[in-house]
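Residue numbers (the working numbering), protein chains in the order written: chain D, 147 to 228; chain L, 73 to 305.
Yeah, the Cβ is synthetic: ideal placement off N, Cα and C, and Gly gets one too.
Note that the structure is predicted; figures quoted are calculated from it, not measured.
Input: a single structure, listed below in structure tokens.
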Amino acid sequence: MKARIYVTLKTGVLDPQGEAVKKSLHVLGYGNVEEVRMGKFVEVDLQAGDPEKARQELMEMSDKLLANPVIENYRVEMVEGE
Amino acid sequence: MKFGVVVFPGSNCDADCFHAVKNVQGQDCEYIWHQQSKITGFDALVLPGGFSYGDYLRTGAIARFSPVMPAVIDFARQGGLVIGICNGFQILLEAGLLPGAMLRNKSLMFICKPVNLKVLNNRTPFTNQFNKDAVIEVPIAHGEGNYYCDPATLEELQKNGSIVFSYCGPAGEIGDDYNPNGSLSHIAGITNKEGNVLGMMPHPERCSETVLGGTDGFGVFASMIQWLKEARA
Numbered sequence: 147m148k149a150r151i152y153v154t155l156k157t158g159v160l161d162p163q164g165e166a167v168k169k170s171l172h173v174l175g176y177g178n179v180e181e182v183r184m185g186k187f188v189e190v191d192l193q194a195g196d197p198e199k200a201r202q203e204l205m206e207m208s209d210k211l212l213a214n215p216v217i218e219n220y221r222v223e224m225v226e227g228e
Numbered sequence: 073m074k075f076g077v078v079v080f081p082g083s084n085c086d087a088d089c090f091h092a093v094k095n096v097q098g099q100d101c102e103y104i105w106h107q108q109s110k111i112t113g114f115d116a117l118v119l120p121g122g123f124s125y126g127d128y129l130r131t132g133a134i135a136r137f138s139p140v141m142p143a144v145i146d147f148a149r150q151g152g153l154v155i156g157i158c159n160g161f162q163i164l165l166e167a168g169l170l171p172g173a174m175l176r177n178k179s180l181m182f183i184c185k186p187v188n189l190k191v192l193n194n195r196t197p198f199t200n201q202f203n204k205d206a207v208i209e210v211p212i213a214h215g216e217g218n219y220y221c222d223p224a225t226l227e228e229l230q231k232n233g234s235i236v237f238s239y240c241g242p243a244g245e246i247g248d249d250y251n252p253n254g255s256l257s258h259i260a261g262i263t264n265k266e267g268n269v270l271g272m273m274p275h276p277e278r279c280s281e282t283v284l285g286g287t288d289g290f291g292v293f294a295s296m297i298q299w300l301k302e303a304r305a
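Spelled out as structure tokens, the structure:
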């Protein structure tokens, strides 16, 4: 079973990387870019029979390791048909 | 006193810390490999700087789950002295022994230079050999030292005197001009509420003897030894 986990910075947490990318996009002429927030994208392939149980487990993994709850949020997406 | 320096794969300040404790301070010191799940007989633990596990995922995130960490957490919870320097600080944050998290430096640059620190609290096991508000020079070397926590945690830190070191100017001025990495409230080092766990981004082990060009870091280890002596007496 495959899953995608999106880890994003919480609102209000400074994102120096996103700021730098935004400035660079402005230099390239994309003046309409108002905000850029960088995040992480994790693909996990795991053995599981029950998708709901797998999702619970993936959320546990995210809470423990994949995301830092002090600064980050995450979203788990199960990949259908794989 | 017996110090333990915890070595993770990718630690690179372990030998410097060992030297500062063993040869400069003249204390017993042993390395503790990260695979060790039991640690006994130590008076204080040092989590040194470096790039544990390549800083993969987040700084300190993987080291935090090393086999040695439950024992480190136990040691800290029982009141043992734990100092985390640079990457060691990042590991303590990930382990939840200290509140908050590290963000990328505001400038996005890895900064390696001496900075001035103000000793905001000299009534801790790590700073009792300094005068209050003393300005000391200690080098930093990090890419992610931009300390962050939520407003309630910051208030708590301030209320408890947990902000031990802040970045400052040569005369102790505090402000954005003297903050190298954008850290919240110019924080360079904090303790936990109980005061027995310190995390600091600057490297006291790199300025503990004259030959290294500075001795202002000496007081950090000397304070720990003094505190342990008094606790024993």
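For residue i, the three-state DSSP class (helix, strand or coil)
i	result
L/E266	coil
L/N95	helix
L/H106	coil
D/V159	coil
L/S207	The sequence given here places Val at residue 207 of chain L; Ser does not occur at that position. It is a strand residue.
L/A167	coil
L/G160	helix
L/L275	The displayed chain sequence assigns His, not Leu, to residue 275 of chain L. DSSP places L/H275 in coil when its eight states are reduced to three.
L/C85	coil
D/K169	helix
L/K178	coil
L/R195	coil
L/A135	helix
L/Y125	helix
Enclosing alpha helix (DSSP H) for residue i [first to last residue]
i	result
L/L175	Careful: L/L175 lies outside any alpha helix (DSSP H), inside the beta strand (DSSP E) at 173-175.
L/S295	290-304
L/I145	141-149
L/L153	Not the alpha helix (DSSP H): L/L153 falls in the beta strand (DSSP E), residues 153-157.
L/A116	Not the alpha helix (DSSP H): L/A116 falls in the beta strand (DSSP E), residues 116-119.
D/E203	197-207
L/A224	223-231
Rounded straight-line distance, which links the Cα of residue j to that of residue i
i	j	result
L/H275	D/N178	43 Å
L/F198	L/A173	21 Å
L/D248	L/N188	13 Å
L/V191	L/A206	5 Å
L/A224	D/G158	14 Å
L/S138	L/H106	6 Å
L/I235	L/L226	9 Å
D/E181	D/G175	15 Å
L/N193	D/M224	49 Å
L/E277	L/E209	12 Å
Host beta strand (DSSP E) of residue i (start-end)
i	result
D/M224	218-224
D/D191	185-191
L/P308	No statement about residue 308 of chain L is possible, as the shown extent of chain L runs from 73 to 305 and does not include it.
L/K74	74-79
L/S255	Element bounds for L/S255: n/a, residue is neither H nor E.
L/I235	235-240
L/Y219	218-220
Same chain only: Cβ atoms within 6 Å of residue i, ignoring 5 sequence neighbours per side
i	result
L/S255	N218, Y219
L/C47	Absent from the structure is residue 47 of chain L, since the part of chain L shown begins at 73 and ends at 305.
L/L169	A148, V269
L/V96	S280, E281
L/L164	G156, L170, G271
L/Q99	M73, F75, V93
D/A194	M147, A200
L/H214	C158, M273
Chain-order list of residues whose beta-carbon lies under 8 Å from that of residue i (same chain, five-residue window excluded)
i	result
L/G151	E266, N268
D/V153	G185, K186, F187, V188, S208, L212, A213, E218, N219, Y220
L/N232	K265
L/N200	N194, S295, Q298, W299
Exposure label - residue i; buried when at least 16 CB within 10 Å
i	result
D/E226	exposed
L/C184	exposed
L/F182	exposed
D/S170	exposed
L/Q162	buried
L/N203	exposed
D/E251	An answer regarding residue 251 of chain D cannot be provided, because it is not within the stretch 147 to 228 covered by chain D.
L/Y125	buried
L/E245	exposed
Cut-off 7 Å between Cβ atoms - residues of its own chain near residue i, not counting five sequence neighbours on either side
i	result
D/K156	I217, E218, N219
D/D161	L155, R183, M184
Test: residue i CB closer than 8 Å to a CB of chain C
i	result
D/L174	Among the protein chains of the structure shown, namely D and L, there is no chain C.
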